[in-house]
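Visitor: The letter at position 38 of the sequence shown is residue 746 when you use our numbering, and the numbering goes up by one with no holes. Could you have a look at this structure, given as structure tokens, before my questions?
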Amino acid sequence: MTQPQIASRIPFAVEVEAGKTYFWCACGRSHTQPFCDGSHRDTVFTPARFVAERSERLWLCGCKRSANKPFCDGSHKQLPAE
Ligand code: FES
């Protein structure tokens, strides 16, 4: 199975606004991590859309291996050493 690129080996802390819609980059290629910039176009991946429930800081997955996308679930800790 095609794996997404590892954009970061640690999660991204982002401040989100209540009610605003976000598109989390699932392919790992975006230059505006952790958000999609359309770089996924020629891949099998599509961004994960979510609406912020409240204005807060969120930890979004950087390794693109989370089982709870777009949120970090600690999967980055299982990444093979570089
Ligand atoms: S750029 Fe990665 S999902 Fe869009």
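From the three backbone atoms N, C-alpha and C, an ideal C-beta is built for every residue, glycine too.
From which residue to which residue does the beta strand (DSSP E) around glutamate 764 run?
Guide: 764-768
Visitor: Under 7 Å Cβ to Cβ from cysteine 780, same chain only, skipping five residues before and after it: list those, please.
Guide: Pro719, Trp767, Leu768, Cys769 and Ser774
Visitor: Pull up the DSSP beta-bridge partners for threonine 740, would you.
Guide: Phe743
Visitor: Since glutamate 723 is in the beta strand (DSSP E), which residue starts that stretch and which ends it?
Guide: Start and end: 720-724.
Visitor: Where does proline 788 land, buried or exposed, given buried means 16+ other C-beta within 10 angstroms?
Guide: exposed
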